[in-house]
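First to last, the protein sequences are chains A and B. Under the numbering used here, the first residue of the first sequence is numbered 155, with each subsequent residue one higher. Under the numbering used here, the first residue of the second sequence is numbered 1299, with each subsequent residue one higher. A quick write-up on the structure given underneath.
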Amino acid sequence: MRRVNRNEKTRVTLALNGKKLSAEAEPRLLLSDFLRHALGATGTHVGCEHGICGCCTVLIDGVAQRSCLTLAVQVEGREVTTVESLAGADGALNPLQQAFRNNHALQCGFCTPGILMSFTDYLRRNPKPTTEQIREVLSGHICRCTGYAGIVKAVEEVAKSAP
Amino acid sequence: MTTQLGKPMLRKEDPALLSGRGRYADDLPVPVGTLEAHVIRSPHAHAEIVRIDATAALAHEGVWAVITGEDVRKLSDPFMAVVKSPIQQWAVAVERVRYVGEPVALVVAASRYIAEDAAELVEIEYEPLEAVIDPLAACGRAAPLLHPQAKTNEVHVREFAYGDTKSAFAQADHRIALTATFPRQSFTPIECYVVVAQHNPAKGSYDVLANFQGPFSMHPVMARALRVPGPKLRLRIPPDSGGSFGIKLSVFPYVVLMALAAKITGRPVKWVEDRIEHLVAASSGPNRVTAIEAAVTKEGRILGLKLDQLEDYGAFLRAPMPGPLYRMHGAVTGAYDIANVDVVNRVVLTNKMPASLIRGFGGPQLYLAIERLMHRIAVELKLDPLDVIRKNLIPAQKFPYRTAAGALYDSGDFLCAVEIATGQGRLDELKRRRDEARAQGRKYGIGFACVVEPAMSNMGYLSTLLTPETREKTGPKNGAVSMATVNIDPLGAVTVTADVTVQGQSHETVLSQIVAEELGLSVDDVEVVLELDTAKDQWSIAAGTYSSRFAGGTAVAAHMAAGQMREKIKAIAAKQLNVLPEDVELMDGKVRSRSNPDNALPFSRVAATSNWAPTLLPDGMQPALSETGVWTPPELEAPTHDDKINTSLTYGFIFDICGIEIDPLSYQVRVDRYVSMHDAGRIMNPMIAEGQIRGAFAQGVAAALYEEFCYNDEGAFLSGTFADYLVPTVSEIPPLEILHMESPSPLTPLGAKGLAEGNCMSTPVCIANAIADALGVTDVPLPATPQRIHDLMEGVTS
């Protein structure tokens, strides 16, 4: 494992949404801050910085993680996937995004990227979850606008059309 | 009748927000050289600031300034307040701190990380003082004074009398009373406050980006504090905001603080509030203690009502407070036909964070008292609670109905709403479930709540707190101005701007629907740009997004602006089509003759005439490039000499029923069934309407069962993380059945009323009534946590 010194900036290189990028980071820099301010990927939002709201969830090597509880230096050499990767190059929404739109699963949209990333990971592992399973995954996120009903319906819609 | 409105149209906002392409305040570029700020906050609930030594912090590499109360006092003026008093309040504490989390100093540095490092080097010496947390204790003679110069913590008292309450109480068979205590809470938007401030010394002006929500009556407050005329404070609101629910009004002291920091450092300054700061100090709804008493006949008819409302605003009464105490004033008798009512409104200050706007805005507090009382009347008189409600509801034939305190309820049929909601076996099923549960020894209860939901506030309502004599002297305050503009570009494309701040309410979609319908276009033909800029956009003091002002305000203004534009387009086209303007219609992107639809021109061609060939316009017409709709409904009159006030423009109705059961082991309240009946006038987009209702319902459940800002007796704040302050997740939100009826408002051209706050008002008390029914108790403290339910059931007094 690479050693980093407390007061020195380190170059962190990662694959962000398939593109190799690198930038300087202090060892204490949060991954959420690194993504947003060093790499300009502002689609990932910060809601609580103590791991409860789930707003900042990204995929690290395909697994959903809180980027506010991860240091930038921890993703050296790894693949990070954020909400910016979900739509097609032409802006076409993917089935999960489209289902969110169809079911009014978002209002202010601030918590949405984290929820999308959690389900991007989860639906890959379990493409046809039950409503109970959907609710359990969603319970790792806080949304203040919607009352959650639309989000559950959106994921149900995706699950229903999964092969 | 319509082609666009009333449809569950998908949102135009969504593609960007679902793709990480939103533009929230912290996503936007900042000027090169922008510094970052960190706020040092008080660890004490009440203390004198003896000394602040920033020497070591200032020596830290990357630090530009440490700004204290002394700097702020030199460079700014205290904030103007609604209630006149000798109390001064500034953007950071001056001489004394009055709540845990109060800003004491600001460290400005090259980055937030450095600013936080340096903050640890700032030495602050405090002399602790005794704190007072309980609002009743704060009114006592022995209570420590927060603001000694005010000589009291009870900074506002006014008594109101409508009708002849004394006689009503003398005639009544029964007097039934209770005390209702509404707790402190916030709805904690997931995006916290963000401010980026710049100062231009050459012009003496400030340019500030902030996720402020309005009302823009706060703009003069901020400009005055900065000692500049309004135009020298350019306030810009980002295109997206991560929720607000009333809370983002209270970013305003930080707008002033960061503006001062920009002036002091000569650099742009950015501050992003973190969650810990947000919970401890951003804003809270006010807690209220209401002593309510009804004069009732033996049949359960209410002849008169008395309310003594003591509202606790924390350490300062900031403008536009005490809004929650007066916003509901005209509607203080709720959904009931009660001619006689006496009200005492009292404001007290305590050592807690200042309270301010919050979704529901005075409604949850008022209805907790009224609807708990309705339930209590039924219990004490051994009547059916629903019969007591029915006996007192305002009958349909009395609409439009003028309440005792002056509100003009525009339309409705409350009894019909109750019949619909309880019908189709809904209530019978709940009763069956209750009987079955009780037969097995389980604790099951049914609750009801009737709520009149006001929307679009009369900006004059707060002047009700002044005596009629003072109002006479200061001049009448009334009305509420809404503005929206429709612009047409050189190729005939349509753009809309409006006086709202975006927080997730789908304004872009609904404004597109409204304008597209008037102009015979599709919603995709209408571009909506909502990033308010006080230097370039139209706005009034009423601008912003709060108190459900969109449906009855800005939506109407947009409808007017589009209608004005439509008439111009018709006149232009008439000349080109060789027909009379009355024969012209706008349909499917065409402007055509009604009698001969083949005689048509594309909308874009006609609209573009104003740019390319203005001399072809009808004689005397100004080119159809821009039309602003300005809407100010005449019904929003100033308070009368006898203190009657029509506090809002439209009044919707909600009737809720729920069944709850108490878990015998965990003492948790489980909501078994919940039905919410809404009459919000005409629904503009059913999908968005449902979203607003579900969101408010979740917050209502949160208020009933989970969320509370807790302080101990010394004023320490106990709810400082999301692990302590319990925001419901999906697991805590029960299923909800929503029903609708439509009594269009006769006072707005669209007939729409507000609907986004109602369940914040109805759900806490509906659940509280069900708990009272389940346990047979008189007092139900909120939030009804397992601990509190345990104490109720085991007879423990806290």
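The beta-carbon is built from N, C-alpha and C at its ideal position, and this holds for glycine as well.
| Asked | Found |
| --- | --- |
| Residues of the stretch 1466-1492 of chain B whose Cβ lies closer than 7 Å to any Cβ of chain A, in chain order | F1485, T1486, P1487, I1488, E1489 |
| Beta carbon of T1832 of chain B nearer than 7 Å to that of Q1801 of chain B | no |
| Span separating the alpha-carbon of E2040 of chain B from that of K1696 of chain B | 17 Å |
| Sufficient close CB pairs (3 or more, under 8 Å) joining the stretch 1484-1497 of chain B to the stretch 1679-1695 of chain B | no |
| Member of B:T2046, B:R1482, B:P1537, B:A1715 whose CA lies at the smallest distance from the CA of R1657 of chain B | B:R1482 |
| 6 Å CB neighbourhood of T1631 of chain B in its chain, flanking five on each side removed | V1639, T1701, A1702 |
| Proximity test, Cβ basis, 7 Å: M1520 of chain B and chain A | no |
| Close Cβ partners of M1299 of chain B (< 8 Å) along its chain, the five nearest in sequence each way excluded | Here the model assigns M1299 of chain B a pLDDT of 36, short of 50, so the residue's position is not dependable and the matter cannot be decided. |
| Chain B residues whose Cβ lies nearer than 7 Å to that of R160 of chain A | Result: empty, since nearest Cβ-Cβ is about 12 Å, beyond 7 Å. |
| Reference R165 of chain A, options A:S239, A:A316, A:C202, A:A226, closest by Cα | A:A226 |
| Status (buried if at least 16 other CB within 10 Å, exposed otherwise) for R160 of chain A | exposed |
| M1299 of chain B, DSSP secondary structure in three states | Confidence is the limiting factor: at M1299 of chain B the pLDDT is only 36, short of 50, which leaves the residue's position unreliable, though a coordinate-based value still follows. Here M1299 of chain B sits in coil by DSSP. |
| Under 7 Å from the C-beta of A177 of chain A: neighbouring residues of chain B | Correct list: empty, because the minimum Cβ distance to chain B is about 14 Å. |
| Contact check, D1954 of chain B vs S2060 of chain B, beta carbons under 7 Å | yes |
| Opening and closing residue of the beta strand (DSSP E) in which R278 of chain A lies | Segment 266-279 is the alpha helix (DSSP H) holding R278 of chain A; no beta strand (DSSP E) there. |
| Where the beta strand (DSSP E) through F1848 of chain B begins and ends | Run containing F1848 of chain B: none; DSSP gives neither H nor E here. |
| Given P1788 of chain B as reference, the closest of B:F1901, B:I1412, B:A1629, B:I1545 once Cα atoms are compared | B:F1901 |
| Three-state class that DSSP yields for S1973 of chain B in the structure shown | The displayed chain sequence assigns Val, not Ser, to residue 1973 of chain B. Three-state result, V1973 of chain B: strand. |
| Under 8 Å by beta carbon: chain A residues contacting T2027 of chain B | L292, S293, G294, H295, I296, Y302 |
| Under 7 Å by beta carbon: chain B residues contacting I206 of chain A | F2020, A2021 |
| Assigned exposure category for E1734 of chain B - 16 Cβ within 10 Å defines buried | exposed |
| Environment of R1394 of chain B [buried if 16+ CB atoms lie within 10 Å] | buried |
| Where the stretch 211-241 of chain A meets chain D: residues whose CB sits under 9 Å from a CB there | This model lacks chain D altogether; the protein chains it does include are A and B. |
| Proximity of R1396 of chain B and L1444 of chain B at Cβ, strictly below 7 Å | yes |
| Counted within 10 angstroms of its Cβ, other Cβ atoms place R2103 of chain B as buried (16 or more) or exposed | Only positions 1299 to 2096 of chain B appear in this structure, which leaves residue 2103 of chain B out of reach. |
| Cα-Cα separation between V1567 of chain B and L193 of chain A, rounded to whole angstroms | 21 Å |
| Proximity of V1406 of chain B and A1523 of chain B at Cβ, strictly below 7 Å | no |
| Interface residues of the stretch 1738-1751 of chain B facing chain A [CB-CB below 7 Å] | none |
| Separation of F1377 of chain B from I1839 of chain B, as counted between CA atoms | 17 Å |
| Alpha helix (DSSP H) runs contained entirely in the stretch 1686-1773 of chain B, provided each spans 4 or more residues | 1712-1720, 1724-1737, 1766-1772 |
| Distance, R1730 of chain B Cα to K1596 of chain B Cα | 28 Å |
| Neighbourhood of G1461 of chain B by C-beta distance below 8 Å, restricted to the same chain and skipping five residues each side | G1602, A1637, N1638, V1639, A1702 |
| Local conformation of A2070 of chain B per DSSP, three classes | helix |
| Reference T285 of chain A; option with closest CA among A:P317, A:V312, A:V200, A:A177 | A:V312 |
| Residues bridged to V1645 of chain B [DSSP beta-bridge criterion] | B:H1454, B:E1609 |
| Pair within 7 Å by beta-carbon distance, S1542 of chain B and P1487 of chain B | yes |
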